[in-house]
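Notes for the one structure printed next.
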Amino acid sequence: MRLTVKTKIWMTVTSIVLLFSFFVMFYLPTIQERYLLNNFNKEVQNHANTVALGVKIAMTEQNFEGVQTAMDFVKQDPLLQFVSLLQTDTIWNNQHTKYQIKRTVFKTYPTNQVVAVQATSNDTTVIKRAPFSTPMMSGEILLASSTRDIIQSRKQIRLTSLLFSFLVFSIGIIIGFGLARNISVPVLELRDAATRVGRGDLTQRVYSRSRDEIGELGIAFNKMVTDLSLARQEVEDRTRELLLEKKKSDELLADLRKTLTDLKETQEQLIRQEKLASMGQLTKGLVDRLLNPLNYVSNFAALSNEFLKESKELLTSPPYVADDYVQTEVIPLLTMVEHNTGKIEEHGFSLTRIVRSMDKLLQAKSDIFIETKVNAFIEAQLLTYEKENQITSKGISVEFIKDIAQPTCCVNILPAEMTLVLVNLLNNAVYSLQEKLLLGEPFAPRC
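Under UniProt numbering, the sequence shown has 407 at position 407, and the numbering climbs by one with no breaks.
Listed below in structure tokens is the structure:
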């Protein structure tokens, strides 16, 4: 549903007027009635307290005429319905565990008034109690007053509120009509003019006699149309200039395309080189992360094999050799576990060699030659290799024979490259000896 400006103004004004009318007709009378009723309740309670105080003083002094005088205090009140002097007695049961309070009418005005000792307030009557206590008796004053004045005031307030609400509603309707006329008509003219401007007619103008924001909006609209007309002329002039410049730019475009093609090829080469460098860094990071876990796996697998062998030797000796379950179930199971851990150890060492080879390939190549004693360098590398071979030789003992020439000499070498050469030579020699040993020919491996 489409709402016009006039409709929105009417809705706004009507909503405000209705809210104000609701406040005047309902909320304000309710507050006033509550205020009047509260004051009347306080007034009746004060009268009851005054009578109770007078009765208490008279009873204390045993002045029974004073009791009558205290009750006469409220007789002149035109709203008085009755005033009663009640005597209260406490009655206990036979076991003296429970009690009830009995109220008896001792004196009433008017005398012919029937009084309900348990009476409470209602819409037409306000009933208040004021207790007192004397050595002679205990009781309370029961005072009832009519609310007819409050009811009459309530009707008068509601009538006044209704008349005032009607007056406010009428004024609101008149104001809403004036606002709708003064706002909607100029806005509609602006809308029609803006529609024609949007279709290309830049001769439109809006004339408004209003000097408020609506009039300023019309002035701003006229200035906008004038600026648009000037801007259109500038755009047409600039378009002609751009057409001339376009011819020149087309010639440059061909050169730029060729340059762009060359840049793309160069960029692709740089991206490939960057990817290779990133892969190298990633691989080096993986190598560093893998070496320690692989060493743990290989070492623990070797230790597990030794423990399994010792366990099998123990189970093949008394008293376990006579146990059929141990011989038929436990020993085969240990053999299978030993075989599995052997495979783990074998593949762990193999993977460790691969990872170390990758690490060596990824290491930065040094181009600094260092003067080194050849014999000492070879002996140090051979000692290191012997220790590693004892761990990875799978029980095959290889004897390393050294025949180093004397005296030693110093040469300039690349230590890392020379170490790699020596290790590769020794690996090849040890591998050949191990393969020959597997053929079954008896010989002592020497390198």
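All C-beta atoms in this analysis are idealised placements derived from N, C-alpha and C, irrespective of residue type, glycine included.
_Coil, strand or helix - Gln95 by DSSP_ = coil
*Return the first residue and the last residue of the alpha helix (DSSP H) that Phe64 is part of.*
64–72
*asked:* Taking the straight line between their C-alpha atoms, what separation do you get for Gln269 and Arg356?
replied: 30 Å
*Between Gln118 and Gly172, what straight-line distance do the alpha-carbon atoms span, to the nearest angstrom?*
52 Å
*Nearest residue (CA-CA) to Gln68, options Leu80, Leu79, Ser317, Leu85*: Leu85
*Should Val13 be labelled buried (16 or more other beta-carbon atoms within 10 Å of its own) or exposed?*
buried
*Please name the residue, chosen from Phe164, Arg257, Ala416, that lies closest to Val17 on a Cα-to-Cα basis.*
Phe164
*What residue does the beta strand (DSSP E) around Ser145 start on, and which one ends it?*
138–146
*Reducing DSSP to helix, strand and coil, say where Ala116 ends up.*
coil
*Consult DSSP for Lys128 and reduce its assignment to one of helix, strand or coil.*
strand
*Rank Lys264, Tyr385, Ser15, Asn38 by C-alpha distance to the C-alpha of Gly176 and give the top, closest one.*
Ser15
*Pull up the DSSP beta-bridge partners for Tyr109, would you.*
Val83
_Let me check one thing: in DSSP terms, what residues is Gln100 bridge-paired to?_
Ile91
*Where Leu79 and Thr108 are concerned, what is the direct C-alpha to C-alpha distance, given to the nearest angstrom?*
16 Å
*Using DSSP with H/G/I as helix, E/B as strand and the rest coil, what is Ser121?*
coil
*Do the segment 34–43 and the segment 187–199 meet, that is, are 3 or more Cβ pairs less than 8 Å apart?*
no
*Taking the beta strand (DSSP E) that Glu371 falls in, what are its first and last residues?*
370–373
_Can you list, in chain order, the residues of its chain with a C-beta nearer than 6 Å to that of Ile151? Leave out the 5 residues immediately preceding and following it._
none
*asked:* Can you confirm whether the segment 86–103 touches the segment 135–145 when touching is taken to mean that 3 or more C-beta pairs between the two stretches lie within less than 8 Å?
replied: yes
*Hey, quick one: how far does the alpha helix (DSSP H) through Ile31 stretch, first residue to last?*
28–60
*Per DSSP, what kind of secondary structure is Val206 in: helix, strand or coil?*
coil
*Can Val51 and Phe26 be called in contact, C-beta distance under 7 Å?*
no
*asked:* Quick check on Glu345: buried or exposed, where buried means 16 or more other Cβ atoms within 10 Å of its Cβ?
replied: buried
*For the segment 374–424, which segments carrying the beta strand (DSSP E) assignment without a break, of at least 3 residues, lie completely within its bounds, in sequence order?*
410–413
*asked:* Using the three-state DSSP reduction, which class does Ser317 fall into: helix, strand or coil?
replied: coil
*Can the beta-carbon of Pro29 be found less than 7 Å from the beta-carbon of Ser161?*
yes
*Candidates Gln95, Val83, Asp123: which alpha carbon is nearest Pro110's?*
Val83
*Decide yes or no for the touch test of the segment 326–334 against the segment 380–389: beta carbon pairs closer than 8 Å, at least 3 of them.*
no
*By a C-beta neighbour count over all protein chains shown, 10 Å radius and 16 as the cutoff for buried, is Phe22 buried or exposed?*
exposed
*Leu256 versus Glu274: straight-line alpha-carbon distance, rounded*: 26 Å
*In whole angstroms, what is the alpha-carbon distance linking Arg129 and Asn122?*
15 Å
*Could you work out which residue in Lys247, Ser298, Thr316, Val206 is closest to Asn340 when comparing CA atoms only?*
Ser298
*asked:* DSSP has Ser249 in a bridge; who is on the other side?
replied: Ser249 pairs with nothing; no bridge assigned.
*Pull up the distance between the alpha-carbon of Ile271 and that of Lys258, whole angstroms please.*
20 Å
*In angstroms, rounded to a whole number, what distance separates the CA positions of Ala302 and Thr335?*
15 Å
*Leaving out the 5 sequence neighbours to the left and right, which residues in its chain are closer than 8 Å to Lys312 when beta-carbon positions are compared?*
Ile331, Leu334, Thr335, Glu338
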